[in-house]
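Structure first, then comments.
In the numbering used here, the protein residues as written are -1 to 592.
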């Protein structure tokens, strides 16, 4: 059964989103007159008609949906992304302002209005120098996966490490009847966007469906109930017809090619070779989630959650956060310029189009905002073929071993004074440690920093390296355009006193420090460069007057903008500012307090 056929079966079985309601709520104003080109460029607002406040806000993050990817495909979109990008308020030059462009910190900015330096989510993980172990950004050892409550404690997840509140938290505090729900392919997408007070947050577990976490010792049945029937239907569909990734548009096949990685020759194609050679169990365990099928399932789950919680149908405004993870997973494994990403863009566009159609048919005022947690680029071998001669790879472990060897000799040490997370592979955050791999004495740390920072800065493969103290002392001019921040300023917005490394490193542009493993991973992100920072920010609702706003804006502006639209009070201290969208009866955005 096709995914679209499965959706129709699932929606009928689950009595999901009603399709017969009118597109606009009774009494909704007609669209306002179009703005002039000058008004559009300035981001001015036409106030000839008051828009009804949304009863349902849908906040969507498309993981690794870079500004470059959006612009490359914008003219070819025909579905939801065309509607969002051409018929809404479009900031094509949105920015994740900070330098550590990973999934967890990027998601932490979208609905908080705060930079990672304040959210505390400075990376997907960090090294706890007190205990000498890696910490995952969403880990919570007091929690367990709801679908397997006997699982290891390290698999528990929550938003505990997120130090600030979200739009959903503000909404729940001021409107107790409001419902806040999140769903994602990744736990760090759902939890960062859902926040601390969400009614429910779900994420995908390979081979199972969508799960959540519950306190240790608590049954997961109640927490899983909203998606229990959905999960059973999903599992039944896998058994009835093994999943297979095929082209939605055969034109993508023109991008198929062979690539050489060391001694291995790999063919870029759909279906990927691993889908054709692996067993059903292997496909479900390690392939399914790295395909467009994951986003389709996530949006199906979102439909079921809308129906289960009657989102948008109650007295108060509700919020649904959706993080679509497949673009990131496909990008990592197959690159961003091959047939795999081509098919991902085609399918994402179509799936979002069908989802927007269903939202319009709810018959209530809906607002959708779409952005991304970070950008990304293609694998360096293809970039080099396209004329980027500086594109290349660093071998992370040998790099760190070489630096440590130089420091051991210089400082006359019998241990490696530098370490990183992920067993030496995440080399942009470096920690100075003692012989036991923990926090050293202050004098030892100072001596190590004094030697290590200039040594690293002197390497030809490094653009810049900064000490923790330097970044903590850096003051960022908030009035400065976000695309003009220095490397130091970008890193400062990612730096936390307790969690960040003692040394933060920026490698040269187009350099990858991911070891290529065909059919596993070919490229990454996480750099300070604009190709990893620039993302679209798109606002849309039925009846909107389209506007193109080309000047750069940060993702931290999304949360205060939504707070203004909804008439709720955000946190008193924010890094972002409100952007006028239309007249929702609240007047113009207040001036930023900073």
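Glycine included, C-beta positions come from ideal geometry on N, C-alpha and C.
Note that the region 454 to 464 touches the region 502 to 510; at least 3 beta-carbon pairs, one per stretch, sit closer than 8 Å.
Taken in chain order, the complete beta strand (DSSP E) segments of 3 or more residues contained in the region 103 to 145 are 123 to 126, 131 to 134 and 141 to 143.
Taking 3 residues as the minimum length, the beta strand (DSSP E) runs contained wholly in the region 531 to 578 are 532 to 538, in order along the chain. Across the set 144, 246 and 279, the C-alpha of 144 shows the shortest separation from the C-alpha of residue 218.
According to DSSP, residue pairing for residue 317 in a beta bridge involves 55 and 178.
Inter-segment contact for the region 345 to 355 and the region 198 to 215 is absent: fewer than three beta-carbon pairs are separated by less than 8 Å. The beta-carbon separation of residue 437 and residue 128, rounded to 6 Å, stays under the 8 Å limit for a contact. Counting only runs of at least 3 residues, the region 165 to 250 fully encloses the following beta strand (DSSP E) elements, listed from N- to C-terminal order: 178 to 182, 198 to 203, 207 to 209 and 211 to 213. Excluding its 5 nearest sequence neighbours in each direction, residue 368 has C-beta neighbours in its own chain below 6 Å: 58, 82 and 536, listed in chain order. For residue 68, the three-state secondary structure derived from DSSP is helix. Taking the C-beta atoms as reference points, residue 170 is found nearer than 9 Å to residue 195.
Judged by beta-carbon spacing, residue 270 lies within the 9 Å limit of residue 243, meaning their Cβ atoms are closer than that value. The Cβ atoms of residue 183 and residue 292 sit closer than 9 Å to each other. Boundaries of the beta strand (DSSP E) harbouring residue 424: 424 to 430, taken from the DSSP string. Scanning 76, 172, 64 and 112 for the CA closest to the CA of residue 571 turns up 112.
Between residue 92 and the set 553, 560 and 138, the nearest pair of CA atoms involves 553.
In this structure residue 487 is buried. Its beta-carbon is surrounded by 16 or more other beta-carbon atoms within 10 angstroms.
The beta carbon of residue 403 lies closer than 8 Å to none in the same chain, with the five residues before and after it left out. Around the beta carbon of residue 316, 16 or more other beta carbons sit within 10 angstroms, so the residue counts as buried. As DSSP reads the structure, residue 510 sits in a beta bridge with 391. Remark: C-beta atoms of residue 322 and residue 304 do not approach each other more closely than 9 Å. Secondary structure of residue 359 (DSSP, three-state): coil. Comparing C-alpha distances from residue 227 to each of 256, 277, 298 and 534 shows the shortest one belongs to 298. If you compare the alpha carbons of 515, 425 and 377 with that of residue 390, the shortest gap goes to 377.
Distances from the alpha-carbon of residue 279 to those of 205, 94, 561 and 71 put 205 closest. Judged by DSSP in its simplified three-state form, residue 262 adopts strand.
The distance from the Cβ of residue 428 to that of residue 500 is about 6 Å, consistent with a contact at the 8 Å cut-off.
Of the residues 300, 357 and 202, the one whose Cα lies closest to the Cα of residue 289 is 202. Taken through DSSP and simplified to helix, strand or coil, residue 93 comes out as strand. Using a 10 angstroms sphere on the CB of residue 531, the tally of other CB atoms reaches 16 or more, which defines it as buried. With distances taken between CA atoms, residue 245 lies nearest to 267 out of 229, 267, 485 and 225.
Remark: fewer than three beta-carbon pairs, one from each stretch, lie closer than 8 Å, so the region 397 to 411 and the region 352 to 365 are not flagged as touching. Within the model, the alpha-carbon separation for residue 457 versus residue 370 is close to 32 Å.
Contact annotation: residue 163 and residue 141 have beta-carbon atoms that are not nearer than 9 Å. Under the DSSP definition of a beta bridge, residue 256 partners with 265.
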